[in-house]
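Enquirer:
Structural data, given as structure tokens:
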């Protein structure tokens, strides 16, 4: 979607407080160092959260690198030569407007202030004039703590790909167009951190720099807008919760010729999940000028050196995970009781198959363990034998497990188990000999239907 009026968004079922509570209670996300009172905007991913993050990363990598013949990957250093950030413009341009309240000493981004009122104490007339605040986190490298050792924690993964353009192009013998992809941690000293994991100082990015001929760069920008929307549909995010918004001229970054954001209709309004930027030749030209190293592509068809243009899809793993939790959350009444369910697509669900022995019993246990050992190599599994079977079904519903396999006392006699589906709650008896195939068939049926790229309008 390209504007608000094109398709009214449906409301998210859950608010942020509900998702934050569920995330901690079920082992997705914990406040970092909670036993010491926590640390502002820092979070630790628990057993389910880390599996879900891995699923998101692997899905992105498969889509962006493994299934394509024009993109390769790298993993660049987090701390690098500080001149990289001078050349990229981060030292001079990577700033936010900071204001301070003389009453409560709070610090805020000036562009987040409404009506000149302090967001904390509510006073007016107490905010300072805005000043520019550089968001890069710095550190000291080496044995002497002085400015000669000043370096930065990278605020983005992109520059590691730009400074390796020639290395990748030469060693991989790439011709235009081609992309370089990377997944890794980035750090930004945000003035205001809020909305759970939506805005934090430490986060994980998935970025790809697509190098192309200047004459075809606008066409590639359009292509990647469609392709990235298609990927989000493949994760099961409902289209009515997504829109594509083109930046106005006064919003564009200093390097950008055009940028479009894939935005999500969060409980607090529209917010960016991914940016698809047309960076032109800014980065390669800057690094060439500052390093003295020519960063061009020799076109064998024209016998000319070309400075490629770059299209950059850049997404945050944490925001995608938050979006998936919010989008998948549902509440419904079943037999007079409330059922909470995360309708996660199988590709991103932290557990795809839960094994539930009907009870803790020495006769049943060996058979249930055998079933678990059969399934573990094929699926993301979880063993759950605590409390009643009904409570366990509800517990698996709440963490988004698509399928449960119940091993009961009849299994000992007929060597069959019951598959219970999360969404329909239907139950089917299946022989253990055909269980893996039956589970795969059901998981495939639960996968989102993804439109062809030509069917997506931007």
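Numbering (the working numbering), first residue to last: 193 to 650.
From the three backbone atoms N, C-alpha and C, an ideal C-beta is built for every residue, glycine too.
Compare the beta carbon distance of residue 512 and residue 248 with 9 Å and say whether it is the shorter of the two.
Expert: Yes, the Cβ-Cβ distance between residue 512 and residue 248 is below 9 Å.
Enquirer: For residue 303, collect the residues of the same chain with a Cβ closer than 8 Å to its Cβ; drop the 5 residues on either side in sequence, then sort them by chain order.
Expert: Once the five neighbours on either side are set aside, the close Cβ partners of residue 303 are 288, 289.
Enquirer: Between the beta-carbon of residue 413 and the beta-carbon of residue 454, is there less than 9 Å?
Expert: Contact: no.
Enquirer: Provide the residue span of the beta strand (DSSP E) that contains residue 299, from first to last.
Expert: First-last of the beta strand (DSSP E) with residue 299: 299 to 301.
Enquirer: Could you pull the start and end residues of the beta strand (DSSP E) that residue 531 belongs to?
Expert: Residues 529 to 534.
Enquirer: In whole angstroms, what separates the C-alpha of residue 381 from that of residue 254?
Expert: Approximately 31 Å, taken between the alpha carbons.
Enquirer: Where does residue 417 fall in DSSP's three states?
Expert: Reduced to three states, the DSSP call for residue 417 is helix.
Enquirer: What three-state label does DSSP hand residue 628 in the structure shown?
Expert: It is helical.
Enquirer: Rounded to a whole number of angstroms, what is the C-alpha to C-alpha distance between residue 196 and residue 435?
Expert: Because residue 196 carries a pLDDT of 40, less than 50, the predicted location of this residue cannot be relied on, and no value is offered for it.
Enquirer: In the DSSP assignment, find the alpha helix (DSSP H) that holds residue 217 and state where it starts and stops.
Expert: Start and end: 208 to 217.
Enquirer: Measure the CB-CB distance between residue 390 and residue 463 and report whether it falls below 9 Å.
Expert: Yes. Within cutoff.
Enquirer: What did DSSP end up calling residue 646 once you bin it into helix, strand or coil?
Expert: Residue 646 falls in the helix class under three-state DSSP.
Enquirer: Hey, how far is the Cα of residue 194 from the Cα of residue 650?
Expert: For residue 194, the predicted model reports a pLDDT of 40, less than 50, meaning its position is unreliable and no value from the coordinates is stated.
Enquirer: Would residue 612 pass as a contact of residue 598 if the rule is Cβ separation under 9 Å?
Expert: Cβ distance < 9 Å, so residue 612 and residue 598 count as in contact.
Enquirer: Are the CB atoms of residue 227 and residue 300 within a distance shorter than 9 Å?
Expert: No.
Enquirer: Within 10 angstroms of the Cβ of residue 198, are there 16 or more other Cβ atoms? Answer buried if so, exposed if not.
Expert: For residue 198, the pLDDT reaches just 41, beneath the cut-off of 50, and the residue's location in the model is therefore unreliable, although a value from the coordinates is still provided. Residue 198 is exposed by the Cβ-count criterion.
Enquirer: Using the Cβ count rule (16 or more neighbours within 10 Å means buried), how would you classify residue 601?
Expert: The residue in question, residue 601, is exposed, as its Cβ has fewer than 16 Cβ neighbours within 10 Å.
Enquirer: Taking the alpha-carbon of residue 322 as reference, which of 305, 338, 334, 423 has the nearest alpha-carbon?
Expert: For the residues 305, 338, 334, 423, the minimum Cα distance to residue 322 belongs to 305.
Enquirer: To which residues does DSSP link residue 429 through a beta bridge?
Expert: Answer by DSSP bridge pairing: none, since residue 429 is not bridged.
Enquirer: Report yes if the CB atom of residue 645 is closer than 9 Å to the CB atom of residue 415, and no otherwise.
Expert: A contact, by the Cβ cut-off of 9 Å.
Enquirer: Return helix, strand or coil for residue 603, following the three-state DSSP convention.
Expert: If DSSP states are grouped into helix, strand and coil, residue 603 belongs with the helices.
Enquirer: Does the beta-carbon of residue 231 have 16 or more other beta-carbons within 10 angstroms, so that it is buried, or is it exposed?
Expert: Exposed.
Enquirer: Please look up how many angstroms separate the CB atoms of residue 643 and residue 425, rounded, as I've assumed it's under 8 Å.
Expert: The pair is a contact, with the Cβ atoms about 7 Å apart (cut-off 8 Å).
Enquirer: Near residue 730, which residues of its chain fall below 6 Å by C-beta distance, leaving aside the five closest residues on each side in sequence?
Expert: The structure shown does not extend to residue 730, since the chain spans only 193 to 650, so no value can be given for it.
Enquirer: If you run the structure through DSSP and keep just helix, strand and coil, what is residue 565?
Expert: Note: residue 565 maps to helix in three-state DSSP.
Enquirer: Of all the options 562, 546, 561, which has the alpha carbon lying nearest to the alpha carbon of residue 581?
Expert: Closest by alpha carbon: 546.
Enquirer: Quick one: measure Cβ to Cβ for residue 509 and residue 396, integer angstroms, because I've assumed they're closer than 8 Å.
Expert: Indeed they touch by this definition, with Cβ atoms about 4 Å apart.
Enquirer: Pop quiz: residue 353 and residue 401 are said to be a contact at Cβ under 8 Å. What is the actual Cβ separation, rounded to whole angstroms?
Expert: Contact holds; Cβ gap of about 5 Å.
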